[in-house]
Ligand SMILES: Nc1ncnc2c1ncn2[C@@H]1O[C@H](COP(=O)(O)OP(=O)(O)OP(=O)(O)O)[C@@H](O)[C@H]1O
Ligand SMILES: [Mg+2]
């Protein structure tokens, strides 16, 4: 079967989104190649990938805004329970911010029982600008407005395409906090190329590159992975001689110079490094400025997967 399906009688443990062998080609170029995405219900799923990886195509296909070339995308929510924030949200310029949010609320709740407009304008930092016309909003304000319109109807599934890309650090912080607050009330799938944002709020991560899902699973597993433990040693003196000595040590797997005055040392286990490395550094006469284990960041894991 090709296309998008919805299950109305899903069990509580069913994934919120499941794509099977999803393919999307534009002309002859594959934008999505056999993607099997699994978004657990209740998760905060971060979809990361460089420009052109296929993030927008995947989100749009899940939202039903683009048809897949082959494969299926199944969403366990009704249409009015899904909210989508496109990467560049656009609104009729003559509307005020308040009217735009009111309209979004009305689309979800035509009966008019819902009254969340002031609350979300406040949450997204738009209360003061809410009576201004959106034609005069900055890009960051439009992105905040997009988030406001997306969450006003209390959706069960929130699809956010780069929700914080146009925001200043404070705005990013606010939007990330808002996304984190959705935990427990909604399943969130958001795309980003800002890996720090994903690392901060997501529990599940998918790494997309050139249309292929290279990793999907818990953030913790991705960051631990099968990486060799590494230490960063900063030195006062030129690091060459110290590196030479460390390379002769049995439990040192590798030594890489980081500039002139620091070394990245890969070791067989943290245990041997914690007892042995200080001794080796002392024996080499090294003047050590700082010394500590290198945590694997999402950025490093991502670069390793995509290189
Ligand atoms: N409407 C379209 N027509 C033709 N090619 C398209 C279309 N939309 C996307 N593509 C191509 O599909 C690939 C994936 O694009 P997509 O916009 O999904 O990537 P993305 O990960 O969202 O990138 P970005 O981080 O820049 O937003 C790219 O090579 C892009 O050029
Ligand atoms: Mg995109």
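Numbering (the numbering used here), first residue to last: 474 to 780. Ideal placement from N, C-alpha and C gives every residue a C-beta, glycine not left out.
Which residues in the same chain have their Cβ closer than 6 Å to the Cβ of residue i, if we skip the five residues on either side of it in sequence?
| i | result |
| --- | --- |
| residue 564 | 573, 607 |
| residue 625 | 574, 577, 578, 589, 593 |
| residue 728 | 716, 719, 720, 736, 738 |
| residue 767 | 703, 705 |
| residue 527 | 504, 505, 681, 684 |
| residue 514 | 489, 660 |
| residue 536 | 557, 632 |
| residue 763 | 707 |
| residue 568 | 607 |
| residue 645 | 637 |
| residue 748 | none |
Below 8 Å on the Cβ atoms is my contact criterion, and I expect residue i with residue j to pass it. Report the Cβ-Cβ distance as a whole number of Å.
| i | j | result |
| --- | --- | --- |
| residue 769 | residue 696 | 5 Å |
| residue 661 | residue 517 | 5 Å |
For residue i, which residues from the same chain have a beta carbon less than 7 Å from its beta carbon, with the 5 sequence-adjacent residues on both sides left out?
| i | result |
| --- | --- |
| residue 730 | 712, 716, 736 |
| residue 553 | 581 |
| residue 691 | 676, 677 |
| residue 566 | 606, 607, 608 |
Can you have a look at residue i and say buried or exposed, based on whether 16 or more other CB atoms are within 10 angstroms of its CB?
| i | result |
| --- | --- |
| residue 677 | buried |
| residue 596 | buried |
| residue 650 | exposed |
| residue 541 | buried |
| residue 758 | exposed |
| residue 637 | buried |
| residue 580 | exposed |
| residue 665 | buried |
| residue 470 | This structure does not reach residue 470, given that the chain is present from 474 up to 780, and the question cannot be answered. |
| residue 643 | exposed |
| residue 765 | exposed |
| residue 551 | exposed |
| residue 477 | No answer about residue 477 holds up, because its pLDDT of 47 lies below 50 and its placement is not dependable. |
| residue 780 | exposed |
| residue 657 | exposed |
| residue 532 | buried |
| residue 743 | exposed |
| residue 679 | buried |
Between the options, which lies nearest to residue i when the distance is taken from Cα to Cα?
| i | options | result |
| --- | --- | --- |
| residue 628 | 605, 650, 587, 637 | 587 |
| residue 591 | 732, 603, 584, 542 | 603 |
| residue 689 | 522, 636, 499, 780 | 522 |
| residue 652 | 514, 641, 670, 666 | 670 |
| residue 683 | 488, 694, 505, 487 | 505 |
| residue 633 | 666, 656, 623 | 623 |
| residue 756 | 544, 722, 502 | 722 |
| residue 745 | 764, 724, 663 | 724 |
| residue 495 | 520, 486, 524, 543 | 543 |
| residue 774 | 694, 734, 585 | 694 |
Look at the Cβ atom of residue i, then the Cβ atom of residue j, and state whether they are nearer than 7 Å.
| i | j | result |
| --- | --- | --- |
| residue 508 | residue 686 | yes |
| residue 639 | residue 605 | no |
| residue 761 | residue 754 | yes |
| residue 534 | residue 546 | yes |
| residue 510 | residue 492 | yes |
| residue 668 | residue 771 | yes |
| residue 560 | residue 673 | no |
| residue 675 | residue 519 | yes |
| residue 615 | residue 555 | no |
Report all residues from its chain with a CB closer than 8 Å to the CB of residue i; omit the five preceding and five following residues, and keep chain order.
| i | result |
| --- | --- |
| residue 594 | 570, 571, 574, 600, 603, 621 |
| residue 618 | 562, 564, 570, 573, 574, 597, 599, 607, 610 |
| residue 538 | 557 |
| residue 582 | 626 |
| residue 648 | 597, 616, 617, 620, 636, 637, 640 |
| residue 710 | 734, 759, 760 |
| residue 486 | 514 |
| residue 726 | 701, 739, 740, 741 |
| residue 655 | 517, 624, 631, 661 |
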